[in-house]
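A.B. asks:
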Amino acid sequence: MLQKSNPKNDNIQVFIKDKLYPRSEAKVSVFDSSVQGGDAVWEGLRVYPEGIVCLDKHLTRLHESAKTLAFADIPSKEFIKKAIKQTLDANGMTDDTHIRLTLTRGEKITSGMDPRLNQSGSCLIVLAEWKPLVYDNDHGIKVISTSQRRNSPHFLDSKIHHNNLLNNIIAKIQANVAGKDAGLMLDDRGFIAELNGSNLFMVKDGKVFTPFAHACLPGITRNSVIELCKKHEIEISEADITLSQFYNADGVIATGTMGELTPVVEIDGRIIPKGDKLQNKIIDLFTKEVRRLCEKLD
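Going left to right, the sequence shown walks through residues 10 to 307 as the working numbering numbers them.
1. Let me know the alpha helix (DSSP H) ranges lying completely inside the region 150-204, each 4 residues or longer, listed in chain order.
2. Assign Pro220 to one of three DSSP states: helix, strand, or coil.
3. With DSSP as the reference, label Asp105 as helix, strand or coil.
4. Could you have a look at Lys283 and say whether DSSP puts it in helix, strand or coil?
5. Since Leu64 is in the alpha helix (DSSP H), which residue starts that stretch and which ends it?
6. Which residues mark the beginning and the end of the beta strand (DSSP E) in which Leu209 is found?
7. According to the neighbour-count rule (16 or more other Cβ atoms, all chains shown, within 10 Å of its Cβ), is Ile118 buried or exposed?
8. If you draw a straight line from the alpha carbon of Gly284 to that of Gly260, how long is it in whole angstroms?
9. Could you compute how far the alpha carbon of Asn18 sits from the alpha carbon of Ala202?
10. Quick check on the DSSP output: the alpha helix (DSSP H) that includes Ala248 runs from which residue to which?
11. So Cys238 packs on Ile281, CB below 8 Å; how close in whole Å?
12. Do Pro162 and Ser131 count as a contact pair if the criterion is CB distance below 8 Å?
13. Using CA coordinates, which residue listed in Val217, Glu87, Gly47, Tyr57 is at the minimum distance from Lys286?
14. Can you pull the DSSP bridge partners for Val80?
15. Taking DSSP as the reference, what is the three-state secondary structure of Ile93?
16. Let me know the secondary structure DSSP gives Arg231 once reduced to three states.
17. Excluding the 5 residues flanking Gln95 on each side, which residues of the same chain have their C-beta closer than 7 Å to its C-beta?
18. CB Gly53 to CB Arg109, shorter than 8 Å?
19. Would DSSP call Asn127 helix, strand or coil?
20. Give the straight-line distance between the Cα atoms of Asp204 and Lys13, rounded to the nearest whole angstrom.
21. Considering only residues of the region 26-68, which uninterrupted alpha helix (DSSP H) runs meet the minimum length of 4 residues and lie entirely inside it, listed in chain order?
Dropping the structure here:
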C-alpha cells in the first residue's frame with residue numbers, strides 16, 4: 010500500500026540536534042553519518058491521546074543500538090523525551106501521529122567511513138507527522154516471498170535497529186514489482202524471518218506461532234503480542250517455520266508500530282483465511298489494550 014502525503018504536514022516543525030526547524034529548513038549536513046553511510050539508528054513511535062506506545066522500550070532499544078555501534082555522546086532518555094514533547098507541542102499533535110526518531114553518529118570533519126572523523130557528537134532528529142496506520146487492517150494485506158534473505162548475525166545483527174535498510178528495501182521493491190503490499194523475507198536457512206517492515210504470527214489449530222528472532226528484529230509490538238497471549242492463556246511459541254506452514258495457516262498476522270496488527274490474506278498467491286476466531290481474538294485484545302501500553306510525556 011502506498012502511503013499518501015498529508016497537507017497537514019506541509020508546515021510541521023522538526024527537531025534536529027538541539028532545536029526546532031520548520032519543515033522547509035529541516036536539514037542535516039552532507040557530512041552527516043546518515044548521509045555518508047546510513048550510520049544511524051532509529052525508532053518508530055505511535056502517538057495516542059493516552060501517550061506514546063511503549064516509549065521506554067523504544068528508547069531502550071535506541072540506546073542499545075547506539076551503544077552496539079559505539080556512538081559517542083548518546084543523549085539521555087530525559088533529553089529525548091523533552092525533544093519529543095517539544096516537537097509534539099509545537100505541532101499540536103496528540104493523536105493519529107507517527108514519529109520517526111533518528112539518532113545519527115553526527116557530522117564528520119571530512120567524508121569517510123572512520124567513526125573517528127565524527128567529532129561533533131551525535132545528532133537527534135524527531136520527525137513527527139500526522140499519519141494514519143499504514144495498512145488497511147480491515148481488509149488485510151497481500152505479500153510475496155522474496156529472494157532477498159534477512160541478515161543473520163553472521164553478517165549484520167538484526168537486533169541493531171540501524172538505518173542501513175537496503176536489505177529490507179530490496180525485498181519491498183520485489184513486492185512492489187509483483188503488485189503486493191509487502192515482501193516476505195526468509196532467513197539464511199530458508200525459514201520465515203519477517204516481512205520487510207513487520208513481524209509475523211501464525212495461528213494454527215488453536216495455537217499461535219511466531220518465527221524465532223534469529224534473523225528478524227524482535228519487534229516491540231511483537232513482544233506486546235507475545236505478552237498479551239500469555240496474559241490471556243493463549244498458547245504461543247517461537248519456532249522455525251517454513252513457507253509451507255504459513256501457506257496452510259488458519260490465520261496470519263503482521264505486527265508493527267506503524268500498522269498495529271494486520272491480517273495477511275495472501276502469501277505467494279495462496280489465500281490465507283481472515284476470519285479465524287483466535288486471530289480475531291488476538292487483534293481485538295490488542296486493540297483494546299494498546300492504549301494501556303501508552304506512556305505520558307511529562
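From the three backbone atoms N, C-alpha and C, an ideal C-beta is built for every residue, glycine too. In this text the structure is predicted, and so the values were computed from the model without any measurement.
C.D. replies: Based on what the coordinates show:
1. 175-186
2. strand
3. coil
4. coil
5. 64-77
6. Where Leu209 is concerned, the enclosing beta strand (DSSP E) starts and stops at 208-213.
7. exposed
8. 8 Å
9. 34 Å
10. Run containing Ala248: none in the alpha helix (DSSP H); it sits in the beta strand (DSSP E), 245-248.
11. With 8 Å as the limit, Cys238 and Ile281 do not qualify as a contact, their Cβ atoms being about 19 Å apart.
12. Contact flag unset, no.
13. Val217
14. Rather than Val, the amino acid found at residue 80 in this sequence is Phe. Phe80 is bridged by DSSP to nothing; it lacks a bridge partner.
15. helix
16. helix
17. Phe24, Leu29
18. The answer is yes: Cβ separation under 8 Å.
19. strand
20. A quick correction: the sequence has Leu, not Asp, at residue 204. If I take the Cα positions, the gap works out to 21 Å.
21. 42-46
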